Amino acid sequence: MDFQISDELNMIVDVVREFRERELMPLEHHFLLQGRFTVEERNELDEKAKAAQLWALDVPEELGGQGMGELAMCLILEELFKHPAMYIFGGSPEPVLYHCAGEQRERYLMPVIRGERRSCYAFTEPDAGSDMAGMRTVATRDGDDWMLNGTKTFISKVDRADFVIVFAVTDPESSRDGVSVFLVDIGTPGFDVSRQIPTMGDDWDPVELTFSDCRVPAANMVGAPGDGWKLAGQQLLHGRLKIAAYQLGIAQRCIDIAVDWSQNRFTWGKPIAARQAVQFMLADSKVELEAARLLVYRAAWKADQGQEHAQDDYIAKLYATEMSSRVTDRALQILGGIGYATETPVQSFYRQARLWRIGHGTSEIMRWMIARDMLGKAARD
């Protein structure tokens, strides 16, 4: 493999860095004290992103986007996630929506690209995360409609969404071809946000969704009955590489903060940068970050070259998320008590990093997927 970051990509990163420094950094102290941005504050940031032409970045040009590849998106996300708010430029549909056909495209796909509508997706259930075989939400055919019944949990971004991408069982007898995908508008009778789930993270309070005889038109099914497994694979793979890229920004910012603190914090007449314990923590963090960066960039580069990259994504997601947990922990230790204070960002990054070892497939799931690819049929017997 031979790749390098082009001048064009570096220019894009510079534009994103300017946006982060101009629009996000002045809000950081407010975010840390409040623990979140309001919907209105996020909407205002979206309008500024549109004005800066930082919208629909990875959407194909024929659909009105900018057609950026995976490496470009990883670089952009790395830069954005140096701020703890988990802010991402909009206009990029969930991968499932690219399978919309006919009227669905005009009602769901294109409005998301233009920023007129927003979506979220509902996959996880109380008894089913990465294991689709454990899914219990059922869709039963009723004339020209489907009736949804079941519960989804740990669903994000519902407060800003206009519709939800719901995975549900349509054929209980089929283990692999029994799940389908539906587009369910917010406000549909029988569809309720049953409770909010408070978490230890900033600005991430997911919700539980309940479907009770929720009637959804057959025209709102994406693809054909039984396409859910295939579409879920695309949805999850898409997110795993991006999550890996988030960790690069988180770790880099924490290292930068720890380096600055160690140079300016004095004990017994010397900066703590002179202490070998601090030096070793910083050196280990730097080495691990650079290793993760190469894994993420390689996976993204292979995707852009049209090469198979699923295994690379699993490896990048596993290593980068565990790396960021170690780096944020070391940074907090170097800062000491001030690192634990909510007015400083390291504690927020520390808690956020812990989330990414779970979301979109736990570290254990990633190890399992990697091992299955290595061992073939023997690992499945």
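Just so we're aligned, residue 842 is where the sequence shown starts under the working numbering, counting upward by one. Think of the CB as a built atom: it goes at the ideal place given N, C-alpha and C, for glycine as much as any other residue. In this text, all values refer to a predicted model and were calculated from it rather than measured experimentally.
For residue i, the first and last residue of its enclosing alpha helix (DSSP H)
| i | result |
| --- | --- |
| M988 | From DSSP, M988 is part of no alpha helix (DSSP H) but of the beta strand (DSSP E) over D986 to I996. |
| I1179 | G1178 to Y1181 |
| F878 | Element bounds for F878: n/a, residue is neither H nor E. |
| L1072 | G1069 to N1105 |
Local Cβ density within 10 Å of residue i, reported as buried at 16 or more and exposed below that
| i | result |
| --- | --- |
| G905 | exposed |
| D1125 | exposed |
| K923 | buried |
| F1107 | exposed |
| N1105 | exposed |
| H871 | exposed |
| I846 | exposed |
| P867 | exposed |
| F1121 | exposed |
| D1214 | exposed |
| L1024 | buried |
| A1140 | buried |
| L1135 | exposed |
Residue i - containing beta strand (DSSP E), residue span
| i | result |
| --- | --- |
| S1035 | F1032 to Q1037 |
| Y962 | S960 to A963 |
| D1054 | V1048 to P1058 |
| A1124 | Taken as a continuous stretch (DSSP letters only), A1124 belongs to no beta strand (DSSP E), being part of the alpha helix (DSSP H) at Q1117 to D1145. |
| A1009 | F1004 to V1010 |
Same chain only: Cβ atoms within 7 angstroms of residue i, ignoring 5 sequence neighbours per side
| i | result |
| --- | --- |
| G1019 | V1010, T1011, D1012, P1013 and G1067 |
| A913 | L850 and I853 |
| G1042 | R1192, Q1193 and L1196 |
CA-to-CA distance, residue j to residue i, given in whole angstroms
| i | j | result |
| --- | --- | --- |
| D1272 | G910 | What is shown of the chain runs 842 to 1222, which leaves residue 1272 out entirely. |
| V1187 | P1058 | 47 angstroms |
| A1073 | D972 | 11 angstroms |
| D1101 | I1113 | 11 angstroms |
| K998 | G1110 | 49 angstroms |
| S1166 | A1065 | 40 angstroms |
| H1201 | L1082 | 10 angstroms |
| S1015 | R977 | 13 angstroms |
| Y1181 | F1190 | 11 angstroms |
| V1034 | L1216 | 42 angstroms |
Nonlocal neighbours in the same chain, by C-beta distance under 6 angstroms from residue i, ignoring five residues either side
| i | result |
| --- | --- |
| G1069 | F1008, V1020, S1021 and V1022 |
| M951 | none |
| Y1155 | M1207, M1210 and I1211 |
8 angstroms Cβ shell around residue i - same chain, five flanking residues per side excluded
| i | result |
| --- | --- |
| L1096 | First, the amino acid is wrong: residue 1096 is Ile here, not Leu. Same-chain partners within the cutoff: L1123, S1126, K1127, L1130, V1168 and A1172. |
| E944 | A1060 |
Contact with chain D by residue i, beta-carbon distance below 8 angstroms
| i | result |
| --- | --- |
| G908 | Of the protein chains in this structure there is only one, and it is not chain D. |
Sequence ranges, alpha helix (DSSP H) only - wholly within the segment 880 to 954, length at least 4: If we require 4 residues or more, the alpha helix (DSSP H) runs fully inside the segment 880 to 954 come out as 880 to 892 and 911 to 921.
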